[in-house]
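Asker: One structure coming up, written as structure tokens, with questions to follow.
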Amino acid sequence: MDVQKNYYQTKELTFQENQDEWDLFIPLVLFAYQTIKQDTTQATPFKLVYGRTATLPVKIEVNTYLTEPITEENFQETLLRKTYNLIEIFENKQRRAADNIQKSQEKQRKRHDNQLPNKPVEFKIKDKVLLHHTKVEKQWSGKFDPK
10 MDVQKNYYQT
20 KELTFQENQD
30 EWDLFIPLVL
40 FAYQTIKQDT
50 TQATPFKLVY
60 GRTATLPVKI
70 EVNTYLTEPI
80 TEENFQETLL
90 RKTYNLIEIF
100 ENKQRRAADN
110 IQKSQEKQRK
120 RHDNQLPNKP
130 VEFKIKDKVL
140 LHHTKVEKQW
150 SGKFDPK
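Each residue of the sequence shown is one higher than the one before, starting from 10 at the first, in my numbering.
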């Protein structure tokens with residue numbers, strides 16, 4: 010995470026130095042946004058779309074190796090198994106993100122409801138209130154007959 014943080018801080022400094030060329034940095038900003046874990050989904054947008062973690066520019070130098078050798082005989086079977094495995098992983102991540110969104114919405118609803126008054130407001134005689142006059146309102150929407 011420190012590498013990612015340093016990467017974004019470096020890009021911020023670059024923006025400040027090259028303000029006239031801001032449009033050149035749109036892909037970098039987009040990549041930065043897509044690789045930051047969102048509170049609502051508890052995942053990065055990149056991971057939800059592509060089903061895997063994004064490869065940061067610093068990690069491109071690292072080689073990745075196959076976990077099992079692929080031969081002509083088992084190519085079709087290996088490809089099919091890996092495809093089904095990826096689909097299952099991707100569906101699980103999407104379900105988890107949907108659950109996290111639902112939990113986040115519930116938390117937001119509770120926070121909102123806690124800010125509402127617990128009991129209805131009771132008015133007393135001579136309290137000042139805002140009067141909603143529907144006849145006057147009709148005056149602005151069309152015909153008004155004050156009779």
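Note that the Cβ used here is the ideal one computed from N, Cα and C, for glycine as well.
Source: prediction; values computed, not measured.
Please report the straight-line C-alpha distance between Phe-40 and Leu-65, rounded to a whole angstrom.
Answerer: For this step, residue 40 is matched to residue 31 along the sequence shown. For this step, residue 65 is matched to residue 56 along the sequence shown. Each residue's alpha carbon lies about 9 Å from the other.
Asker: Could you check whether Thr-53 and Ile-110 sit closer than 8 Å to each other, using their CB atoms as the reference points?
Answerer: Indexing the sequence shown from 1 puts residue 110 at position 101. Indexing the sequence shown from 1 puts residue 53 at position 44. Not a contact, by the Cβ cut-off of 8 Å.
Asker: So the candidates are Glu-81, Trp-31 and Gln-43; which of them puts its Cα closest to the Cα of Ala-63?
Answerer: The residue labelled residue 63 in the question sits at position 54 within the sequence shown. It is Gln-43 whose Cα lies nearest to the Cα of Ala-63.
Asker: To test your reading of the DSSP string, which unbroken alpha helix (DSSP H) runs of 4 or more residues are found completely within the segment 36-114?
Answerer: Whole alpha helix (DSSP H) segments, 4+ residues: 54-59.
Asker: Rounded to a whole number of angstroms, what is the C-alpha to C-alpha distance between Val-130 and Asp-136?
Answerer: The count along the sequence shown starts at 1 and reaches residue 130 at position 121. The count along the sequence shown starts at 1 and reaches residue 136 at position 127. Rounded to the nearest angstrom, the two C-alpha atoms are 12 Å apart.
Asker: Should Gly-60 and Leu-95 be called a contact, given that it needs their Cβ atoms to be closer than 8 Å?
Answerer: Reading the sequence shown from its first residue, position 51 is the one you call residue 60. Reading the sequence shown from its first residue, position 86 is the one you call residue 95. It is a contact, given that the beta carbons lie within the stated cut-off.
Asker: My assumption, with CB atoms under 8 Å, is that Gln-117 sits in contact with Leu-57. Please give the rounded CB distance.
Answerer: Sequence index remark: in the sequence shown, residue 117 carries index 108 (1-based). Sequence index remark: in the sequence shown, residue 57 carries index 48 (1-based). Wrong, their Cβ atoms sit about 20 Å apart, outside the cutoff.
Asker: Within the same chain, show all residues whose beta-carbon is closer than 7 Å to that of Asp-29, passing over the 5 residues directly before and after it, in chain order.
Answerer: The residue you call residue 29 lines up with position 20 of the sequence shown. No residues qualify anywhere along the chain.
Asker: Assign Leu-33 to one of three DSSP states: helix, strand, or coil.
Answerer: One-based indexing of the sequence shown puts residue 33 at position 24. Correct three-state label for Leu-33: helix.
Asker: Starting from the C-beta of Phe-132, find all residues in its chain whose C-beta is less than 8 Å away, skip the five residues before and the five after it, and write them out in chain order.
Answerer: Working through the sequence shown from its first residue, we reach residue 132 at position 123. Result list for Phe-132: Val-138, in chain order.
Asker: Between the alpha carbons of Arg-90 and Arg-105, how many angstroms are there, rounded?
Answerer: Along the sequence shown, read from residue 1 onward, the residue named residue 90 stands at position 81. Along the sequence shown, read from residue 1 onward, the residue named residue 105 stands at position 96. Their Cα atoms are separated by approximately 23 Å.
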